[in-house]
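Colleague: So the mapping is simple: the numbering used here equals the position in the sequence shown, first residue as 1, plus 287. We put the CB at the ideal spot given by N, CA and C, even for glycine.
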Amino acid sequence: MPHRTLRGRIAYLRDGQGERGREDFSITVHGDGARTVRAQCEMDDIRLLRDVTYSVDAAWRPLDAFVRLVSQDRFFGSAWFRFDDRGAECEAFTAGDGRVHQRRELGCRPLLFVPHPLVCDGWQASAYDYTRGPGVQRLEPCANSSPRPDGGSGPALGLSHKHLQYVGDQTLEVAAGRFACRHLRILPPEGDEAHGVPLDIWVTGTDFILVRMRWDLLRSTYDLVALEGELR
288 MPHRTLRGRI AYLRDGQGER GREDFSITVH GDGARTVRAQ CEMDDIRLLR
338 DVTYSVDAAW RPLDAFVRLV SQDRFFGSAW FRFDDRGAEC EAFTAGDGRV
388 HQRRELGCRP LLFVPHPLVC DGWQASAYDY TRGPGVQRLE PCANSSPRPD
438 GGSGPALGLS HKHLQYVGDQ TLEVAAGRFA CRHLRILPPE GDEAHGVPLD
488 IWVTGTDFIL VRMRWDLLRS TYDLVALEGE LR
């Protein structure tokens, strides 16, 4: 079965300011169901540029990723991540820490990885068990390339858990079109007062394409403004 390709753009919209950045992405879905996303994220207000390539298998389990950051037009860091059924590892070189090697034995493969493109944030919705209906589920272990809301540190391997809430279904109209969506909410970690604001996402189809994200913490909405390809 031949592969198919999706291409799109997400606009980063700050309350009262308009567009403060953008994300261009392409997704290749292979015949066996594995997929790779390539994303370029530009944040004009903080002058951060992120390039990411991230692959998952047919069951949406993390396989490997590459993340590179440029901040204020200067190299900030780059890292390669690999995941297996025993844990996760990272080889990185950053302007602040030089060469870094990390390996975390978890006894399993992480349920998901967050390299910080918003299209990948939409993929987090694949980890929810929808046969149980709306509610809250704990996801553990989860991996990330940065604990910061804007993903602007590292990149390096971080581990966490998540509480993912399935709110229900909703139809949204954005610049890219009208989509039937699942509305989910990523709840803040327990005791995290600094980031204690839920993050709302709306995804469409079995491709879990992000249609909208809203995060009051950053006073920002992120909308899908262009999409090409066969969506499923």
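#1: Could you give the C-beta distance for residue 439 and residue 333, rounded to a whole number, given that I count them as a contact under 8 Å?
#2: May I ask which residues mark the beginning and end of the alpha helix (DSSP H) holding residue 407?
#3: Measure the Cβ-Cβ separation of residue 373 and residue 366 and say whether it is below 9 Å.
#4: How about the region 424-435 and the region 386-401: do they share at least three Cβ pairs that are nearer than 8 Å?
#5: Could you tell me which whole beta strand (DSSP E) segments of length 3 or greater appear in the region 294-320?
#6: Please list, in chain order, all residues of the same chain as residue 415 whose beta carbon is under 7 Å from its beta carbon, the five residues on each side excluded.
#7: Mapping the DSSP letters down to three states, classify residue 505 as helix, strand or coil.
#8: Can you tell which of 456, 401, 336 and 339 has the C-alpha that lies nearest to the C-alpha of residue 347?
#9: Under 8 Å: do the region 373-382 and the region 297-308 share three or more Cβ pairs, one atom per stretch?
#10: Extract the residue ranges of the alpha helix (DSSP H) inside the region 345-411, only unbroken runs of 4 or more that lie entirely within it.
#11: Going by DSSP in three states, residue 469 sits in which element: helix, strand or coil?
#12: With a CB to CB cut of under 8 Å and the five nearest residues on each side skipped, what residues in its chain are close to residue 434?
#13: With 16 as the cutoff for other CB atoms within 10 Å, does residue 510 come out buried or exposed?
#14: Do the CB positions of residue 442 and residue 324 come within less than 9 Å of each other?
#15: Could you tell me the distance, in whole angstroms, from the CA atom of residue 336 to the CA atom of residue 307?
#16: For the beta strand (DSSP E) holding residue 484, just list the boundary residues, first then last.
#17: Expressed to the nearest angstrom, what Euclidean distance is found between the alpha-carbon atoms of residue 390 and residue 378?
#18: Kindly list the residues whose CB is nearer than 6 Å to the CB of residue 339, restricted to its own chain and excluding five residues on each side of it in sequence; keep chain order.
#19: Identify the continuous beta strand (DSSP E) that holds residue 428 and give its terminal residues.
#20: Would you say residue 363 touches the ligand HEM, meaning its beta carbon is less than 8 Å from a heavy atom?
Modeller: According to the data block:
#1: Residue 439 to residue 333, Cβ: 7 Å. Contact.
#2: 405-410 is the span of the alpha helix (DSSP H), which, as asked, contains residue 407.
#3: Not a contact, by the Cβ cut-off of 9 Å.
#4: Touching, yes, given that three or more Cβ pairs across the two stretches are closer than 8 Å.
#5: The qualifying runs are 305-316.
#6: Excluding positions up to five away in sequence, the list reads 424, 451, 453 and 471.
#7: In the displayed model, residue 505 falls within a helix according to three-state DSSP.
#8: Of the candidates 456, 401, 336 and 339, the one whose C-alpha sits nearest the C-alpha of residue 347 is 401.
#9: Too few Cβ pairs lie closer than 8 Å, so no.
#10: Counting only runs of 4 or more, we get 405-410.
#11: The answer is strand: DSSP assigns residue 469 an E or B state.
#12: Only 440, 445 and 447 meet the Cβ criterion.
#13: It counts as buried.
#14: No, these two residues do not count as a Cβ contact at 9 Å.
#15: Cα to Cα, residue 336 sits roughly 12 Å from residue 307.
#16: For residue 484, no beta strand (DSSP E) segment is defined, and its DSSP state is neither H nor E.
#17: If you take the alpha carbons of residue 390 and residue 378, they lie about 9 Å apart.
#18: Once the five neighbours on either side are set aside, the close Cβ partners of residue 339 are 326, 354, 402 and 404.
#19: Membership of residue 428 in the beta strand (DSSP E) is indicated by the continuous run 422-431.
#20: The model on display carries no ligand, and the ligand HEM is accordingly not part of it.
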